[in-house]
Amino acid sequence: MAHYRRIGEVPPKRHTQHRDPEGRLYYEELMGEEGFSSDSSLLYHRGVPSAIVASEVWELPDQSRTPNHPLKPRHLKLHSLFPVVEEGAQRPSRNPDAVTDRRLVLGNNDVRISYVVTGTDPSPYYRNAIGDECVYVESGTGVVETVFGVIGYRAGDYVIVPRATTHRWVPAQPSQLYAIEANSHVAPPKRYLSRYGQLLEHAPYCERDLYGPEQPFTMTGADVEVLVKHRTSAGIVGSRMTYATHPFDVVGWDGCLYPYTFNVEDFMPITGKVHQPPPVHQVFEGHNFVVCNFLPRKVDYHPLSIPVPYYHSNVDSDEVMFYVGGDYEARRGSGIGLGSISLHPGGYAHGPQPSAVEASLGVEFFEESAVMVDTFAPLELGEGGLAVEDAAYAWTWSGRGPDDPAVFSNS
Numbered sequence: 031m032a033h034y035r036r037i038g039e040v041p042p043k044r045h046t047q048h049r050d051p052e053g054r055l056y057y058e059e060l061m062g063e064e065g066f067s068s069d070s071s072l073l074y075h076r077g078v079p080s081a082i083v084a085s086e087v088w089e090l091p092d093q094s095r096t097p098n099h100p101l102k103p104r105h106l107k108l109h110s111l112f113p114v115v116e117e118g119a120q121r122p123s124r125n126p127d128a129v130t131d132r133r134l135v136l137g138n139n140d141v142r143i144s145y146v147v148t149g150t151d152p153s154p155y156y157r158n159a160i161g162d163e164c165v166y167v168e169s170g171t172g173v174v175e176t177v178f179g180v181i182g183y184r185a186g187d188y189v190i191v192p193r194a195t196t197h198r199w200v201p202a203q204p205s206q207l208y209a210i211e212a213n214s215h216v217a218p219p220k221r222y223l224s225r226y227g228q229l230l231e232h233a234p235y236c237e238r239d240l241y242g243p244e245q246p247f248t249m250t251g252a253d254v255e256v257l258v259k260h261r262t263s264a265g266i267v268g269s270r271m272t273y274a275t276h277p278f279d280v281v282g283w284d285g286c287l288y289p290y291t292f293n294v295e296d297f298m299p300i301t302g303k304v305h306q307p308p309p310v311h312q313v314f315e316g317h318n319f320v321v322c323n324f325l326p327r328k329v330d331y332h333p334l335s336i337p338v339p340y341y342h343s344n345v346d347s348d349e350v351m352f353y354v355g356g357d358y359e360a361r362r363g364s365g366i367g368l369g370s371i372s373l374h375p376g377g378y379a380h381g382p383q384p385s386a387v388e389a390s391l392g393v394e395f396f397e398e399s400a401v402m403v404d405t406f407a408p409l410e411l412g413e414g415g416l417a418v419e420d421a422a423y424a425w426t427w428s429g430r431g432p433d434d435p436a437v438f439s440n441s
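Set out below in structure tokens:
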């Protein structure tokens, strides 16, 4: 994020001596992307940031994936992954946390989508060394403590955590989190940015809408464990690294790389005289995928407009919709509801339920909220997705089931 911030104590010139009041030298760390050739920040630590005393294996939750074969659209009911505990019922021995209890829903070699419903216990300290994380907060409030400082979160926030940022989630309330984990960096679309990185006038949000840390967050301690997700030739693995001093010992930093939040309430939907395609709803992009959000908005004002989407074949991508609010007009009668994910893969034409087309005529406003991820490589189903699939969804456009003899007859 090429938007400069300066927090806490930093020296007048970079890479020069910076000492505490007792004369001890702070340790400067450059955290930068693309081998010193892209965004970076300089952090000043009390302790040595590379001083580890132990490293052990962290067994990750199930990361296996199952191909979408035979090819068909899918409906996954995410709210069933973490059932609500009824009043008076026996509660689990521990509350799920925002990191170790994520369940993989969909993924490929570019991006993985997971879901978790937390309790109020803090997560372990965590660092994703594979790529940036873009976590959508479906519900709940809390803070994310990071090596850069603390950022608050609330429902409707995207929480962007750069690759290899040490952090932990501290919910104030149980939180429903939809985690988009990239193998790359996540940033605003390039078409929204000037050649120097400023968000342009036609962008649906601006720098005022991005909330980063406001002051340092320093903690003391020894032998602090950090869970690190990283890659080997065998795939994605985890390690438990123990640091001699607390990672949150930064007294100041400056630069253009840091975590931040962006709330969907600050996104200004772009509308038109006729139906606008999904790119006008784009909010972020990563390597081989994009993130869009469909929000409450006025819709098409041509006298003959059809407000719901036309049928479309995404020949280069798989489309994932996560339905988070309102009443999604195009899917009425399909079984889709709040907490649903629809997966419409490349090679398959999809669109509104047949009855939704006529029903949308004359509608002037849509009260709907959804987060969309489009990937340019096929998505596979994780164990979480397989556990909550609505097997009848694929046949809802025809009104027939897979065992209906009429499906296979010529009459």
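For what it's worth, our numbering labels the leading residue of the sequence shown as 31, then goes sequentially.
Using N, Cα and C, we set each Cβ at its ideal position, and we do this for glycine too.
Note that this is a predicted model, so its numbers are computed, not measured.
Apply the 10 Å Cβ neighbour rule to residue i and answer buried if 16 or more other Cβ atoms are within range, or exposed otherwise.
{"i": "G186", "result": "buried"}
{"i": "D253", "result": "exposed"}
{"i": "M351", "result": "buried"}
{"i": "Q383", "result": "buried"}
{"i": "E163", "result": "buried"}
{"i": "Q409", "result": "First, the residue type needs correcting, since residue 409 is Leu and not Gln in the sequence shown. So L409 ends up on the buried side."}
{"i": "D50", "result": "exposed"}
{"i": "V216", "result": "buried"}
{"i": "E388", "result": "exposed"}
{"i": "Y331", "result": "exposed"}
{"i": "F396", "result": "buried"}
{"i": "A386", "result": "buried"}
{"i": "P218", "result": "buried"}
{"i": "T262", "result": "exposed"}
{"i": "H45", "result": "exposed"}
{"i": "R124", "result": "exposed"}
{"i": "V313", "result": "buried"}
{"i": "P243", "result": "buried"}
Beta carbon of residue i, beta carbon of residue j: below 8 Å?
{"i": "V135", "j": "G392", "result": "no"}
{"i": "E231", "j": "G161", "result": "no"}
{"i": "V281", "j": "R76", "result": "yes"}
{"i": "P103", "j": "Y423", "result": "yes"}
{"i": "G377", "j": "L101", "result": "yes"}
{"i": "H380", "j": "Y341", "result": "yes"}
{"i": "E168", "j": "L229", "result": "no"}
{"i": "F278", "j": "E175", "result": "yes"}
{"i": "V304", "j": "L325", "result": "no"}
{"i": "D284", "j": "S71", "result": "yes"}
{"i": "V258", "j": "M271", "result": "yes"}
{"i": "S110", "j": "D127", "result": "no"}
{"i": "V189", "j": "V321", "result": "no"}
{"i": "V40", "j": "T405", "result": "no"}
{"i": "V105", "j": "E419", "result": "Looking at the sequence provided, one finds His at residue 105 rather than Val. In contact: H105 and E419 (Cβ atoms closer than 8 Å)."}
In whole angstroms, give me the CA-to-CA distance for residue i and residue j.
{"i": "R225", "j": "N318", "result": "21 Å"}
{"i": "N98", "j": "P42", "result": "55 Å"}
{"i": "H260", "j": "D346", "result": "28 Å"}
{"i": "T171", "j": "G65", "result": "35 Å"}
{"i": "F438", "j": "G429", "result": "Residue placement at F438 is flagged as unreliable, the pLDDT there being 37, under the threshold of 50; the coordinate-derived value follows with that caveat. C-alpha separation (whole angstroms): 14 Å."}
{"i": "I143", "j": "R54", "result": "44 Å"}
{"i": "F89", "j": "P307", "result": "It should be pointed out that residue 89 corresponds to Glu in this sequence rather than to Phe. When rounded, the distance between both Cα atoms is 42 Å."}
{"i": "Y445", "j": "A233", "result": "Any answer about residue 445 is impossible in this case: the structure gives the chain only from 31 up to 441."}
{"i": "L411", "j": "W427", "result": "22 Å"}
{"i": "Y241", "j": "Y290", "result": "5 Å"}
{"i": "P192", "j": "M61", "result": "10 Å"}
{"i": "G316", "j": "S372", "result": "21 Å"}
{"i": "A400", "j": "P91", "result": "27 Å"}
{"i": "R361", "j": "V78", "result": "54 Å"}
{"i": "A436", "j": "P375", "result": "Because A436 carries a pLDDT of 49, less than 50, the predicted location of this residue cannot be relied on, and the following value inherits that uncertainty. Going from the Cα of A436 to the Cα of P375 covers about 25 Å."}
{"i": "A209", "j": "R238", "result": "24 Å"}
{"i": "Q245", "j": "I181", "result": "10 Å"}
{"i": "V145", "j": "T96", "result": "Inspection of the sequence shows that residue 145 is occupied by Tyr rather than by Val. Approximately 17 Å, taken between the alpha carbons."}
{"i": "A81", "j": "L73", "result": "16 Å"}
{"i": "P201", "j": "R132", "result": "15 Å"}
{"i": "K220", "j": "V147", "result": "33 Å"}
{"i": "N138", "j": "S94", "result": "10 Å"}
{"i": "E398", "j": "Q47", "result": "54 Å"}
{"i": "Y34", "j": "F247", "result": "19 Å"}
{"i": "Y57", "j": "N213", "result": "29 Å"}
{"i": "M205", "j": "S390", "result": "Here the sequence assigns Ser to residue 205, which means Met is not the residue at that position. Cα to Cα, the separation comes out at about 34 Å."}
My understanding is that residue i touches residue j, with C-beta atoms under 8 Å, so please give their C-beta distance in whole angstroms.
{"i": "Y156", "j": "R198", "result": "6 Å"}
{"i": "E86", "j": "S269", "result": "7 Å"}
{"i": "R69", "j": "L287", "result": "Reading off the sequence, residue 69 comes out as Asp, not Arg. Indeed, because the Cβ distance is near 4 Å, the residues count as touching under 8 Å."}
{"i": "V256", "j": "Y273", "result": "6 Å"}
{"i": "G179", "j": "I37", "result": "6 Å"}
{"i": "V28", "j": "E394", "result": "Within the shown structure, residues of the chain are numbered from 31 to 441, placing residue 28 beyond reach of any answer."}
{"i": "G369", "j": "K107", "result": "6 Å"}
Every unbroken beta strand (DSSP E) inside the stretch 38–106 [3 residues or more]: 57–62, 70–75 and 82–88
Length-filtered (3 minimum) beta strand (DSSP E) runs lying within the stretch 388–421: 398–405 and 410–412
Segments assigned beta strand (DSSP E), at least 3 residues, entirely inside the stretch 236–298: 252–262, 265–275, 280–285 and 290–293
Secondary structure, beta strand (DSSP E): runs of 3+ residues fully inside the stretch 310–372: 312–316, 319–324 and 348–356
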